[in-house]
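Worksheet for the structure shown next.
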Amino acid sequence: MATLLPRAEIEDDVAQILLTPEQIATRVQELGVAISEDYAGKELMLICILKGANIFLADLVRQITVPVSYDFVAVSSYGADTKSSGVVRILKDLDESAESKHVLVVEDIVDTGLTLRLSYILENLRSRRAASVKVCTLLDKPSRRRVDVPVDYYGFKVEDKFVVGYGMDYQGKYRNLPYIGVLKPEIYGGG
Ligand code: IMP
Ligand code: MG
Numbered sequence: 022m023a024t025l026l027p028r029a030e031i032e033d034d035v036a037q038i039l040l041t042p043e044q045i046a047t048r049v050q051e052l053g054v055a056i057s058e059d060y061a062g063k064e065l066m067l068i069c070i071l072k073g074a075n076i077f078l079a080d081l082v083r084q085i086t087v088p089v090s091y092d093f094v095a096v097s098s099y100g101a102d103t104k105s106s107g108v109v110r111i112l113k114d115l116d117e118s119a120e121s122k123h124v125l126v127v128e129d130i131v132d133t134g135l136t137l138r139l140s141y142i143l144e145n146l147r148s149r150r151a152a153s154v155k156v157c158t159l160l161d162k163p164s165r166r167r168v169d170v171p172v173d174y175y176g177f178k179v180e181d182k183f184v185v186g187y188g189m190d191y192q193g194k195y196r197n198l199p200y201i202g203v204l205k206p207e208i209y210g211g212g
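The following block contains the structure:
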């Protein structure tokens with residue numbers, strides 16, 4: 022693998038590397054093998070939740086050996102105000118119909134579970150008569166869960182720490198880190 026270039030401006034904010042590019046690649050390949058076995062002979066459609074999951078999707082889809090298509094949705098994040106109303110809007114909907122497809126929703130991280138729950142994405146796909154609806158997340162933070170979300174495939178379970186890199190951000194930054202790192206708490210005003 023090519024040597025990683027230094028990127029001090031953003032790396033100074035990382036307290037610890039949690040998962041190296043090699044660890045991520047190995048696990049993503051394992052997920053691709055499992056998914057390819059489970060969906061053999063079926064019409065698989067990956068649905069990537071923007072923006073955080075796009076790097077995971079790009080790597081995952083290339084480890085899947087059965088015919089597969091993919092599409093993107095974007096949802097509004099739940100700020101303090103939307104939390105009280107319990108509404109997470111779908112900002113960008115599917116371009117293609119999910120009808121009769123076996124749908125696998127691809128997320129970067131399932132934390133509280135509110136994004137998937139409040140956006141009604143899973144229910145929405147079922148009502149559009151997808152043949153099946155499952156969830157694949159790279160990271161799962163089960164200790165933070167507030168609402169029940171079925172996670173069918175996960176890459177890694179992680180502790181309750183704010184992580185960035187490999188597509189995941191803090192205020193739009195750090196997505197381009199090739200590894201997953203723990204952000205220094207002083208950056209986001211955490212404990
Ligand atoms: P949930 O709605 O709390 O399950 O969170 C889901 C979304 O919040 C993820 O798709 C991420 O975009 C974001 N998120 C949650 N935890 C983290 C984290 O540790 N780092 C970066 N983004 C996170
Ligand atoms: Mg996300």
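Count along the sequence shown starting at 1, add 21, and that's the number in the numbering used here. Ideal placement from N, C-alpha and C gives every residue a C-beta, glycine not left out. On a predicted model such as this, the values are computed, not experimentally measured, just so you know.
Cβ neighbour criterion (16 or more within 10 Å) applied to residue i
{"i": "residue 128", "result": "buried"}
{"i": "residue 47", "result": "exposed"}
{"i": "residue 140", "result": "buried"}
{"i": "residue 136", "result": "buried"}
{"i": "residue 151", "result": "buried"}
{"i": "residue 40", "result": "buried"}
{"i": "residue 35", "result": "buried"}
{"i": "residue 162", "result": "buried"}
{"i": "residue 116", "result": "exposed"}
Rounded straight-line distance, which links the Cα of residue j to that of residue i
{"i": "residue 119", "j": "residue 69", "result": "13 Å"}
{"i": "residue 188", "j": "residue 205", "result": "17 Å"}
{"i": "residue 124", "j": "residue 65", "result": "6 Å"}
{"i": "residue 79", "j": "residue 211", "result": "31 Å"}
{"i": "residue 24", "j": "residue 199", "result": "11 Å"}
{"i": "residue 98", "j": "residue 74", "result": "14 Å"}
{"i": "residue 30", "j": "residue 122", "result": "43 Å"}
{"i": "residue 182", "j": "residue 203", "result": "7 Å"}
{"i": "residue 194", "j": "residue 28", "result": "13 Å"}
{"i": "residue 63", "j": "residue 54", "result": "15 Å"}
Any non-hydrogen atom of the ligand IMP within 6 Å of residue i CB
{"i": "residue 158", "result": "no"}
{"i": "residue 45", "result": "no"}
{"i": "residue 142", "result": "no"}
{"i": "residue 134", "result": "yes"}
{"i": "residue 56", "result": "no"}
{"i": "residue 129", "result": "yes"}
{"i": "residue 73", "result": "yes"}
{"i": "residue 1", "result": "Missing from the structure shown is residue 1; the chain here goes from 22 to 212 and no further."}
{"i": "residue 66", "result": "no"}
Terminal residues of the beta strand (DSSP E) in which residue i lies
{"i": "residue 158", "result": "153-161"}
{"i": "residue 95", "result": "89-96"}
{"i": "residue 53", "result": "Counting along the chain, residue 53 falls outside any beta strand (DSSP E), though it belongs to the alpha helix (DSSP H) covering 42-59."}
{"i": "residue 120", "result": "Premise fails: residue 120 is in no beta strand (DSSP E) and is neither H nor E."}
Segment limits, alpha helix (DSSP H) that includes residue i
{"i": "residue 80", "result": "75-82"}
{"i": "residue 143", "result": "142-148"}
{"i": "residue 32", "result": "29-32"}
{"i": "residue 70", "result": "Run containing residue 70: none in the alpha helix (DSSP H); it sits in the beta strand (DSSP E), 65-71."}
{"i": "residue 135", "result": "135-139"}
Assumed close pair residue i, residue j - CB separation to whole angstroms, cut-off 8 Å
{"i": "residue 159", "j": "residue 77", "result": "5 Å"}
Proximity test, residue i beta-carbon vs the ligand ATP heavy atom, cut-off 6 Å
{"i": "residue 41", "result": "Because the ligand ATP does not appear in the structure shown, any question about it cannot be addressed here, the ligands present being the ligand IMP and the ligand MG."}
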